[in-house]
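Undergrad: Below is the structure I would like to discuss, written out as structure tokens.
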Amino acid sequence: MDDSGAILCQISSLKDMLDQVNEEIEANIQITREIESEIVKCTEFEADLAARESDFTKTLYFSQFEINGLLSVAYESKKSVKFLEEEICGLRKKKMEMLESMDDKREQFVMQCLEFQRGIDKGENEVVNLLSEKEFLENEIHLLDEKNNALKNLMLAFMDEIVQDLLDCNSELL
């Protein structure tokens, strides 16, 4: 009987050890489940971060594209402004030449008028010639004024169109 008591005691001891091993296995299984759960969370977080990184990269590329477009527009605008400044300078030069020509013709006209006054008794032919030249010069002045006004209107319309195009380009880029 002592043997059976010792065997029972040993069985009880082995059962306790087995229960303890089972508890440790269950604890390890629970820890493994928690670790797996954390791994899944980390994987989801990593996927979310990858998606955000992709969005940021896409935003970066769009921003770089937009910046390149704006730089191109700025370069073209500077070229256009330089071209317009050269055109305006040329038009001013032409205007000055026209004004000088008009002044010269006025001066000639005044000189002819003075000569006419000195030689009024020489005949009516000179009077007719001077009057026709005066009429010609007045017509030329009138034509030059019309051309000058047309040129001003054309330049204003051209500059308005360029400004509108630049505004449209900027609004499209934004």
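Taking numbering that gives the first Met the number 0, the leading residue of the sequence shown gets 0, the next gets one more, and so forth.
The beta carbon of each residue, even a glycine, is placed where N, CA and C say it ideally should be.
Quick caveat, the model's predicted, so the values are computed rather than measured.
Look at the Cβ atom of leucine 136, then the Cβ atom of cysteine 112, and state whether they are nearer than 8 Å.
TA: As a working note, residue 136 is residue 137 in the sequence shown. As a working note, residue 112 is residue 113 in the sequence shown. For leucine 136 and cysteine 112, no; Cβs fall outside 8 Å.
Undergrad: To the nearest angstrom, how far is it from the Cα of cysteine 168 to the Cα of valine 72?
TA: For the purposes of this step, residue 168 is taken as the residue at position 169 of the sequence shown. For the purposes of this step, residue 72 is taken as the residue at position 73 of the sequence shown. One alpha carbon belongs to cysteine 168, the other to valine 72, and they sit about 8 Å apart.
Undergrad: Is the stretch 51–62 in contact with the stretch 136–148, if contact means three or more CB pairs nearer than 8 Å?
TA: no
Undergrad: What's the C-alpha gap between glutamate 106 and alanine 149?
TA: Within the sequence shown, the letter at position 107 stands for residue 106. Within the sequence shown, the letter at position 150 stands for residue 149. Whole-angstrom Cα-Cα distance: 26 Å.
Undergrad: Counting only the same chain and skipping the five closest in sequence on each side, list residues whose C-beta sits under 8 Å from that of lysine 104.
TA: As a first step, residue 104 must be located in the sequence shown, where it is residue number 105. So the list reads Leu136, Glu139, once near-sequence residues are dropped.
Undergrad: For the candidate residues Lys94, Phe108, Gln116, whose alpha-carbon lies nearest to that of lysine 146?
TA: Here residue 146 is taken as the residue at index 147 of the sequence shown, counted from 1. Comparing C-alpha distances from lysine 146 to each of Lys94, Phe108, Gln116 shows the shortest one belongs to Lys94.
Undergrad: I'd like to check one pair, leucine 69 with leucine 166: are the Cβ atoms closer than 8 Å?
TA: One-based indexing of the sequence shown puts residue 166 at position 167. One-based indexing of the sequence shown puts residue 69 at position 70. No, they are not a contact pair.
Undergrad: Within 7 Å: the Cβ of glutamate 75 and any heavy atom of the ligand GDP?
TA: The model on display carries no ligand, and the ligand GDP is accordingly not part of it.
Undergrad: Work out the CA separation of glutamate 114 and isoleucine 161 for me, nearest whole Å.
TA: As a working mapping, residue 161 is identified with position 162 in the sequence shown. As a working mapping, residue 114 is identified with position 115 in the sequence shown. Their Cα atoms are separated by approximately 52 Å.
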